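There are 2 protein chains.
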Amino acid sequence: MRFLATALLALCLLAPTGPTSEALAQFNRTESIADSYREVAQQLINAALADSAAYGRLTELTDGFGHRFSGSENLERALDWIIEEMEEDGLENVRGESVPVPHWVRGAESLELIAPRRVKLPMLGLGGSVGTPQEGIRAELLVVSSFDELEARSDEARGKIVLLNAPFVSYGQTVTYRVHGAIAAAKAGAVASLIRSVTPFSMRTPHTGQMLYDPSAPQIPHAAITVEDAVMLQRMQERGERIEVLLKMEAQTLPETTSRNVIAEIAGWEHPDEVVVMGGHIDSWDVGTGAMDDGGGSVAAWEALRLMRELGLRPRRTVRVVLWTNEENGLRGALAYRDYHVDELDDHVLAIESDAGVFKPLGFGFTGSTAAYVIIREIGSLLEPIGADDVRRGGGGADIGPIMREGVPGMGLRVDGEKYFWYHHTEADTIEVLDPREMAECVAAMAVMAYVVADLPQRLPR
Amino acid sequence: MRFLATALLALCLLAPTGPTSEALAQFNRTESIADSYREVAQQLINAALADSAAYGRLTELTDGFGHRFSGSENLERALDWIIEEMEEDGLENVRGESVPVPHWVRGAESLELIAPRRVKLPMLGLGGSVGTPQEGIRAELLVVSSFDELEARSDEARGKIVLLNAPFVSYGQTVTYRVHGAIAAAKAGAVASLIRSVTPFSMRTPHTGQMLYDPSAPQIPHAAITVEDAVMLQRMQERGERIEVLLKMEAQTLPETTSRNVIAEIAGWEHPDEVVVMGGHIDSWDVGTGAMDDGGGSVAAWEALRLMRELGLRPRRTVRVVLWTNEENGLRGALAYRDYHVDELDDHVLAIESDAGVFKPLGFGFTGSTAAYVIIREIGSLLEPIGADDVRRGGGGADIGPIMREGVPGMGLRVDGEKYFWYHHTEADTIEVLDPREMAECVAAMAVMAYVVADLPQRLPR
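These protein sequence lines map, in sequence, to chains A and B. The opening position of the first sequence corresponds to residue 1 in the numbering used here, with each subsequent residue numbered one higher. The opening position of the second sequence corresponds to residue 463 in the numbering used here, with each subsequent residue numbered one higher.
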């Protein structure tokens, strides 16, 4: 409402320079967007930075429910709470959309170094892994530092537990050892496989995450150990020491269960069927409390919508928050969202995801047409007051990936991710990782971007 | 041997400026020390920095034996190995001096949050604590942030488990909650006590350490939880939530056992009874591998002596490396050293300790007379090439404390300790914390300081 006055005022100010049609044309030119929306953007920024409401809400979520792993009671109880709170916030069309999700449970697990000396090593089984027999798997260890080395030494791997001690290059490059390590190790005849945790920094912290099997090789247990222990075992092997370990994992995959994507909206006043989606994933791994990955992104999107409501801002188009479920070990929420809404995707104007931690925001990464990018960049310039105005080409996210592949323009919130992988998928992913002010800035960035795109006089071009 | 030539050369160079007695006087003036010893100091520095021998040896120690907790087989096997290696190095008077030590064992332990939600919390029992009954202690939790608050709320503490959630100010100030927390909590009627780990940084990492009882209060179990969980529990209490936990600890104190201080020397050629002591403590906590605390200091001192031997340097006085046992939970090694050597302490010229981690060395902290300090500072200037020349007043160490109190001048190696308490007494204290180059610089600093003080024409004044 308040914005309408601003827009009309802008039109009046432009009027003297020519006839109304010209003024309107000028208003619609992309270079005028920033000026037209500067006031409302500043309102949203001010509201987001006025307190630490987002951080407070995330704290309530993570303190109150803990991790939110697919298949857990924690997750479904957290979703119930979120839906209640969203309704109390006065958001519209609040609902859960059912999603069948895998149900993997970790159970008790341990890894003991038996030789050359006995000591328990911190470990985390990897998501989707099978367990070991109850007595565990006790075997000699072979350490390799790459798939190539594994292949070259495959005659040595048979009957052993293989440790894939691949140094961290980047998450994108190194995570293949977590995802595909058990397949490669099993093909070489290994009876179980371990990886060096995928991280650039460790305080003897194991990192879990999803792994895969394929039909070409037997399913063997697959777990992560710490960087420190991986390099120690490598040194032991290089000294010619015989290494023996005992791996015990109760991990198992139970029948699928049901979770929900949670949705809340402010319906557009002019084009309610045209939708700007923004969100994060509400599920987490079963360690820590998933504050960074991705409770923060979820709550930031939710808070961005709540601020619009609080400021009485109703844009031309609908802004829809989606908190996707089961991103971590199945992406079922993202796929279900695409399938439920397949007939509406042509009217999905933009999808915005935050899943890189709500650290200091830098800007956005956008995937879409050049015409749209020019507009998005100009909207991004409204975030200059918080230093989040660096909009680059290329970006998206796992949860908006399926609808982006159907043609929906997508973008991801870019943040200072220096420490993201320190905490990623660990017991240390808690609220303490985040900062209230930085999180508030993320809320501001998402609110401004979503609101302005939803309210543009003309729809963002594809 | 090589040094003698250098000293004679120095005398010759000085001779033209006056008669021999004046030249000698000048040689003995403190301002000439640096010039006299510059060449040999550079030899020691070059030798220390030529390779990563010290880091390699520390890695062998920590990989090979793991932690070295008092009473453990690990420790005694490590000491056997060190003695063998020192003999192979050609060090002199290599021996172990028996020390009776306490024998505390941790056993299995766990802490479970029962209400408001159930989750296991990472924890470490504190050294010397009693255990719980086998079924554990299940009780309501009271969180306080200081001893003052505990006293003010002592009527609420009765029958509860008390969490002392004291923010980290400095190790020296905050460690009192670890050391004396159980006494204060028991006096208030608590059935067990927890502390927030004493650290400025956490990756959900509990920190162990020594604690005390006294006769004024019952002995109750005492354990550390992580910073993240301590502040979470505080928030829960502030929200008015009832908090209940279940603490299980098998900790017990067994009969005392025997360990050893390990000693090795290069005997002085002129005054073999005058001794410069240098060392660190070879015991560690029973978590991690004690690479930083204080395997590194121990090996650095040992390597400093080995380099003298390798370079054929035999100083006027004896340089003695002492690897003290049981620093962590008793200081029995330090006390035993004092008692065994009580008759020699008048001839202990200087004691040098490294127990702050062999990080980038900055210099030394010296406690002794001003006359001695002037000399030590000048010797310190020889470490300018490695930036370790900042010698300050005040310094020492836990293990040299007992002999310093008998009048022996003492000093501690000063290092860049920014991250020391991140790792202190945790599972993350491993070789990966240290850097080969920085450790080599520590070796150089200790070697130069010990050698020059031991070789000075005149004994360091008291």
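Glycine included, every Cβ here is placed at the ideal spot set by N, Cα and C. Only a predicted model underlies this, so the values are computations on that prediction, with no experimental measurement involved.
Using the Cα positions of residue 488/B and residue 841/B, report the straight-line distance between them to the nearest angstrom.
With a pLDDT of 47 at residue 488/B, under the threshold of 50, the predicted position of this residue should be treated as unreliable, and no value is reported.
Apply the 10 Å Cβ neighbour rule to residue 231/A and answer buried if 16 or more other Cβ atoms are within range, or exposed otherwise.
Answer is buried; the Cβ neighbour count reaches 16.
Output the distance between the C-alpha atoms of residue 914/B and residue 894/B, rounded to the nearest integer angstrom.
The alpha-carbon atoms of residue 914/B and residue 894/B are separated by roughly 32 Å.
Buried or exposed, going by whether 16 or more other CB atoms sit within 10 Å of the CB of residue 248/A?
With 16 or more other Cβ atoms within 10 Å, it is buried.
Residue 721/B lies in the alpha helix (DSSP H); which residues open and close that run?
That residue, residue 721/B, is in no alpha helix (DSSP H); its beta strand (DSSP E) goes 714-728.
Please list the partners that residue 704/B has in chain A, where partner means a Cβ-to-Cβ separation under 7 Å.
Those do not exist, as residue 704/B stays about 14 Å from chain A at its closest Cβ, beyond 7 Å.
Rounded to a whole number of angstroms, what is the C-alpha to C-alpha distance between residue 548/B and residue 520/B?
About 13 Å.
Have a look at residue 62/A and residue 312/A and give me their C-alpha separation to the nearest angstrom.
Approximately 29 Å, taken between the alpha carbons.
Report the neighbours of residue 819/B on chain A: residues whose CB is nearer than 8 Å to its CB, in chain order.
Result: empty, since nearest Cβ-Cβ is about 15 Å, beyond 8 Å.
Whose C-beta lies closer than 6 Å to the C-beta of residue 616/B among residues of the same chain, with five residues either side of it excluded?
For residue 616/B, where only same-chain residues beyond five positions count, the Cβ hits under 6 Å are 650.
Hey, does residue 386/A have any beta-carbon neighbour from chain B nearer than 9 Å?
Not closer than 9 Å to any Cβ of chain B, the Cβ of residue 386/A fails to qualify, so no.
Residue 329/A: buried (16+ other C-beta within 10 angstroms of its C-beta) or exposed?
Burial call: buried.
Starting from residue 422/A, trace the alpha helix (DSSP H) in both directions and tell me its first and last residue.
Where residue 422/A is concerned, the enclosing alpha helix (DSSP H) stretches over 420-423.
What residues in its chain sit with their C-beta under 6 Å from that of residue 691/B, if we drop five residues either side in the sequence?
Here the set comprises 583.
According to DSSP, simplified to helix, strand and coil, what is residue 295/A?
Looking at residue 295/A - three-state DSSP - the assignment turns out to be helix.
When burial is assigned at 16 or more other CB atoms within 10 Å of the CB, is residue 134/A buried or exposed?
So residue 134/A counts as exposed.
Can you list, in chain order, the residues of its chain with a C-beta nearer than 6 Å to that of residue 884/B? Leave out the 5 residues immediately preceding and following it.
Excluding sequence neighbours, residue 884/B sits near 663.
Please confirm whether residue 203/A and residue 434/A have their CB atoms less than 9 Å apart.
Not in contact: residue 203/A and residue 434/A (Cβ atoms no closer than 9 Å).
Less than 9 Å separating the beta-carbons of residue 733/B and residue 780/B?
In contact: residue 733/B and residue 780/B (Cβ atoms closer than 9 Å).
Can you confirm whether the region 259-277 of chain A touches the region 140-157 of chain A when touching is taken to mean that 3 or more C-beta pairs between the two stretches lie within less than 8 Å?
No: the two stretches stay apart, fewer than three of their Cβ pairs being nearer than 8 Å.
In whole angstroms, give me the CA-to-CA distance for residue 446/A and residue 301/A.
Roughly 7 Å between the two C-alpha positions.
Looking at chain E, is there any beta carbon in it that lies within less than 9 Å of the beta carbon of residue 826/B?
The structure shown has no chain E; the protein chains it does contain are A and B.
Rounded to the nearest angstrom, how far is the Cβ of residue 429/A from that of residue 290/A, given a contact under 8 Å?
About 6 Å separates the two Cβ atoms, so the contact holds.
Which of the residues in the region 885-899 of chain B, read from start to end, lie with their CB under 8 Å from any CB of chain A?
Cβ contacts with chain A: 885, 888, 889, 890, 892, 893, 894.
Please name the residues in the region 665-688 of chain B whose beta-carbon is closer than 7 Å to at least one beta-carbon of chain A, in chain order.
Answer in chain order: 665, 666, 667.
For residue 486/B, which residues in the same chain have their Cβ closer than 7 Å to its Cβ, ignoring the five residues on either side in sequence?
The predicted model places residue 486/B with a pLDDT of 46, which falls under 50 and marks its position as unreliable, so this point remains unresolved.
From which residue to which residue does the alpha helix (DSSP H) around residue 694/B run?
Per DSSP, residue 694/B belongs to the alpha helix (DSSP H) from 689-700.
Can you round the beta-carbon distance between residue 304/A and residue 440/A to whole angstroms, since I take them to be within the 8 Å contact cut?
Not quite, the Cβ-Cβ distance comes to about 11 Å (not below 8 Å), so this is no contact.
Measuring straight from C-alpha to C-alpha, what distance separates residue 256/A and residue 332/A?
Their Cα atoms are separated by approximately 11 Å.
Bridge partners for residue 324/A per DSSP, in chain order?
281/A.
Taking 9 Å as the CB-CB limit, is residue 122/A close to chain B?
Closer than 9 Å: yes.
Starting from residue 367/A, trace the beta strand (DSSP E) in both directions and tell me its first and last residue.
Taken as a continuous stretch (DSSP letters only), the beta strand (DSSP E) holding residue 367/A covers 361-367.
Taking the straight line between their C-alpha atoms, what separation do you get for residue 623/B and residue 629/B?
Their Cα atoms are separated by approximately 19 Å.
Which runs of the alpha helix (DSSP H) at least 4 residues long sit entirely within the region 127-177 of chain A? Give them in chain order.
The region 127-177 of chain A contains these whole alpha helix (DSSP H) runs: 147-152, 154-157, 171-174.
Closer than 7 Å, Cβ to Cβ, to anything on chain A: give me those residues from the region 634-659 of chain B, in chain order.
Answer set for the region 634-659 of chain B: empty.
What does a CB cutoff of less than 7 Å around residue 923/B pick up in its chain, not counting 5 residues either side in sequence?
Within the same chain, residue 923/B has close Cβ partners 831, 833, 834.
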